[in-house]
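Scroll down for the structure; my scribbles are underneath it.
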Amino acid sequence: MMDQYMICEDGLENVVENGRITGFAIHARLPYYRGLGLSMIEDVSISIDGEPMPRDAIRVELHGRSWSLAEMETCYDDRWNFGEKARLVVRCPGGLKPGEYRVDLAERLRISYLPFVPTTRAGRMLRIAR
Numbered sequence: 009m010m011d012q013y014m015i016c017e018d019g020l021e022n023v024v025e026n027g028r029i030t031g032f033a034i035h036a037r038l039p040y041y042r043g044l045g046l047s048m049i050e051d052v053s054i055s056i057d058g059e060p061m062p063r064d065a066i067r068v069e070l071h072g073r074s075w076s077l078a079e080m081e082t083c084y085d086d087r088w089n090f091g092e093k094a095r096l097v098v099r100c101p102g103g104l105k106p107g108e109y110r111v112d113l114a115e116r117l118r119i120s121y122l123p124f125v126p127t128t129r130a131g132r133m134l135r136i137a138r
């Protein structure tokens, strides 16, 4: 239902640190009708043109803070709110070359009242200018 809003249209960019491109980022939302504590986000996976990115290369940025996916497992003092854009950063030296890419995103969420852990997937073509 909310999967069409997971990947933000304006959200593909290279990440520059100290004048060097250290990776790329996409902007994303939760595919759920309410916010969740970060420890309830079981997993986030990203693929670019069908190539999966390593789990340990992904970081989630929200509210001026940054977490690896492993760190989020024990983060009980922050949450990703409904409709809020997070910046998902992938460490990838050199980033992405200018052009259009197929971005696929999967988010696995632990919902307290569900007896299973749903994974929601979305894909979208995005362009990176530089």
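Going by the working numbering, the first residue of the sequence shown is number 9, and it counts up by one from there.
Backbone N, C-alpha and C define an ideal beta-carbon position, used for all residues, glycine too.
For Glu79, the uninterrupted alpha helix (DSSP H) run begins and ends at Leu77 to Met80, by DSSP. Take the alpha-carbon of Val125 and the one of Asp51: they are about 10 Å apart. The C-beta distance from Arg87 to Ser76 rounds to 17 Å, too long to fall under 8 Å, and the pair is not in contact.
Assignment of Asp64 by DSSP, reduced to helix, strand and coil, places it in the helix class.
For Val98, the enclosing beta strand (DSSP E) stretches over residues Ala94 to Arg99. Ile119 counts as exposed, since fewer than 16 other beta carbons sit within 10 angstroms of its beta carbon. Linking Val24 to His35 through their CA atoms gives a straight-line distance of about 16 Å. Per DSSP, the unbroken beta strand (DSSP E) holding Val111 starts and ends at Gly107 to Leu117. Using a 10 angstroms sphere on the CB of Phe90, the tally of other CB atoms stays under 16, which defines it as exposed. Separation of Arg129 and Gly19 (C-alpha to C-alpha, rounded to the nearest whole angstrom) is 17 Å.
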